[in-house]
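In short: position in the sequence shown from 1, add 2, done, that's our numbering.
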Amino acid sequence: MPRIVVILQVVAFVFTCLTSFPAYANPQYLFKVASLAPEGSVWIKRFREFDQEVRDKSNGEVGFKVYPGGVMGDDRAMFRKMKVGQLHGGGFTMTGIGPVVADFRVMSIPFLFHSYDEVDLVAKELRPRFNEVFADKGLEFIALTEVGFIYTMSTSPIANLDDLKKTAVWTPEGDPVSSAFLEALGVSPIPLSIPDVLTSLQTGMIDTVFNAFYGSIVLQWFTKAKFVANIPFGYAYGAFLLDRKKFSSMPPEYGRIIKEAAVGHFQTLLADTRQSNEEALDVLKKNGVTLVDTDPAALQELHAMRNETVKRIKGDAFSVAIYDETMKLINEYRRP
Numbered sequence: 003m004p005r006i007v008v009i010l011q012v013v014a015f016v017f018t019c020l021t022s023f024p025a026y027a028n029p030q031y032l033f034k035v036a037s038l039a040p041e042g043s044v045w046i047k048r049f050r051e052f053d054q055e056v057r058d059k060s061n062g063e064v065g066f067k068v069y070p071g072g073v074m075g076d077d078r079a080m081f082r083k084m085k086v087g088q089l090h091g092g093g094f095t096m097t098g099i100g101p102v103v104a105d106f107r108v109m110s111i112p113f114l115f116h117s118y119d120e121v122d123l124v125a126k127e128l129r130p131r132f133n134e135v136f137a138d139k140g141l142e143f144i145a146l147t148e149v150g151f152i153y154t155m156s157t158s159p160i161a162n163l164d165d166l167k168k169t170a171v172w173t174p175e176g177d178p179v180s181s182a183f184l185e186a187l188g189v190s191p192i193p194l195s196i197p198d199v200l201t202s203l204q205t206g207m208i209d210t211v212f213n214a215f216y217g218s219i220v221l222q223w224f225t226k227a228k229f230v231a232n233i234p235f236g237y238a239y240g241a242f243l244l245d246r247k248k249f250s251s252m253p254p255e256y257g258r259i260i261k262e263a264a265v266g267h268f269q270t271l272l273a274d275t276r277q278s279n280e281e282a283l284d285v286l287k288k289n290g291v292t293l294v295d296t297d298p299a300a301l302q303e304l305h306a307m308r309n310e311t312v313k314r315i316k317g318d319a320f321s322v323a324i325y326d327e328t329m330k331l332i333n334e335y336r337r338p
């Protein structure tokens, strides 16, 4: 009898455990999302924490399955898979989603921002506009993501425009902003998707790229591009987007849970990314990467050419209205 009692107690305990915790394995609303960010990177780590909070607060009714590291293809492939229902969202780069929502490109203009304070101000003020333009394309804009300030990285030192013109320069595929700017400088950029960059560096097809310090480590570009210009080329960012139809199919409280959780986790991710970039510079230096001083005259020419490029591409690469609003915000911030 005592042995039977013990067995029954164990069975009761197991049953209690199984029924005391929500069954999170099969959420009623499962979002399959993809990202180019590699497994183990700060972006994927924070996303998994975000997913866990959503599951907890929805009692397991809502969850995400993430496909990291570009296993679902580049941004364009991810978007195509969203259109046919194979994916329900993803983390998109600004260049990858730019062909769908052109105004989202505006913050990627080269040499636009002087600091992260300016970035944060513009991103906050433009958020309502981004919500609208993504919604018009059937997308729910959940959060802005960040790569950070990006730098010119090359296999040989680049201190001026003549040095740059002697190299094979990469530009993100489908990015009319950086392509137009580089062409204005007398450079014929080579468009490639991000997953193709490392191989192209290794084979010598390209020898100049643009990335943040942390991004160059997680994508291993630093193993070939050992020289880094000491001024940022621009700012790189992205968007965490969900299919609006699927998002709207949930009870409203679940949508609120997702957005409220995103505010906390993606704000923390922003701080993580910036800290990772600071720490990554030391790692790069310890691995033989050299910072190259930029000729001041070249910097003036770059700024002048940026302004000329914007005159040509605004109204096409992005709307005049979004550009004017962005510059108004920046100029007001810089006003003494």
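The beta-carbon is built from N, C-alpha and C at its ideal position, and this holds for glycine as well.
With distance defined between alpha-carbon atoms, name the residue in the options nearest to residue i.
i	options	result
Phe224	Gln204, Met96, Ile46	Gln204
Thr97	His90, Asn61, Phe106	Phe106
Lys85	Asn28, Lys34, Lys330, Gly150	Lys34
Leu272	Val121, Leu114, Gly71, Asp77	Val121
Tyr118	Leu163, Arg276, Gly92	Arg276
Val325	Ala125, Phe235, Met80	The identity of residue 325 in the sequence shown is Tyr, whereas the question assumes Val. The shortest Cα separation from Tyr325 among Ala125, Phe235, Met80 belongs to Ala125.
Glu262	Phe143, Trp45, Met80	Phe143
Pro253	Ser60, Val44, Lys228	Ser60
Gly176	Val102, Ile160, Lys330	Val102
Phe267	Gln302, Ile332, Val44	One point to set straight first is that residue 267 is His, not Phe, in the sequence displayed. The residue with the shortest Cα to Cα distance from His267 is Val44.
Gly92	Ala323, Val68, Phe115	Val68
Ala104	His116, Asp138, Gln302	Asp138
Lys226	Ile259, Ile233, Ala238, Ile208	Ile208
Phe94	Tyr256, Phe320, Gly257, Ile196	Ile196
Thr292	Lys228, Phe49, Pro130, Arg131	Lys228
Pro298	Phe320, Ile233, Ile259	Ile233
Tyr256	Val56, Lys167, Pro159, Asp284	Val56
Determine whether the beta carbon atoms of residue i and residue j lie at a separation below 7 Å.
i	j	result
Thr173	Ser181	yes
Gln222	Leu244	no
Ala214	Ile152	yes
Thr328	Val135	no
Thr154	Ala231	yes
Gly72	Leu38	yes
Ala113	Arg308	Going by the sequence as given, residue 113 is Phe instead of Ala. Cβ distance < 7 Å, so Phe113 and Arg308 count as in contact.
Ala79	Leu163	no
Lys340	Val322	Outside the shown range of the chain, which is 3 to 338, sits residue 340, and nothing can be said about it.
Leu89	Ala36	yes
From the beta carbon of residue i, is the nearest beta carbon of chain B less than 7 Å away?
i	result
Pro193	Of the chains in the structure shown, none is chain B; there is only one protein chain.
How long is the line joining the alpha carbons of residue i and residue j, rounded to whole angstroms?
i	j	result
Pro29	Gly65	6 Å
Asn279	Leu146	17 Å
Asp53	Asp318	37 Å
Thr296	Phe183	18 Å
Pro24	Glu63	Only weak support is given to the placement of Pro24: the predicted model assigns it a pLDDT of 45, under 50, and the question is left unresolved by the model.
Lys287	Thr157	15 Å
Asp76	Glu334	37 Å
Gly290	Ile219	13 Å
His305	Asp58	49 Å
Leu20	Gly140	Here Leu20 scores only 34 on pLDDT, less than 50, and its place in the model is too uncertain to base an answer on.
Pro338	Arg246	42 Å
Val211	Glu148	18 Å
Gly236	Phe249	33 Å
Asp165	Ile111	22 Å
Asn133	Leu187	34 Å
Gly150	Gly217	9 Å
Ala282	Val294	17 Å
Arg336	Glu127	16 Å
Glu41	Ile192	28 Å
Gly206	Asp198	12 Å
Met74	Arg82	10 Å
Val265	Ile99	21 Å
Phe49	Tyr31	17 Å
Ile332	Phe115	8 Å
Val179	Pro70	27 Å
Ser251	Leu194	36 Å
Glu303	Val171	18 Å
Phe320	Arg258	30 Å
Thr270	Val285	22 Å
What does DSSP give as the partner residues of residue i in its beta bridges?
i	result
Ala273	Answer is none; Ala273 lacks a bridge partner.
Ser249	With the sequence shown as reference, residue 249 is identified as Phe, and Ser is not the correct amino acid for it. According to DSSP, which records beta bridges pairwise, Phe249 is partnered with nothing at all.
Thr95	Gly240
Leu293	Val230
Tyr356	Outside the displayed span of the chain (3 to 338) sits residue 356, for which this structure offers no information.
Ile192	Trp172
Val64	Tyr31
Lys261	Answer by DSSP bridge pairing: none, since Lys261 is not bridged.
Ala36	Tyr69, Gly92
Lys316	Phe320
Beta carbon of residue i: closer than 6 Å to some heavy atom of the ligand FMN?
i	result
Leu32	This structure lacks the ligand FMN; in fact it carries no ligand of any kind.
- Which ranges does the alpha helix (DSSP H) cover as unbroken runs of at least 4 residues, wholly within the stretch 113–186, from first to last along the chain? 118–138, 163–167, 178–186
- Query: Hey, which unbroken runs of the beta strand (DSSP E) at 3 residues or more fall wholly within the stretch 208–242?
  - Reply: 210–213
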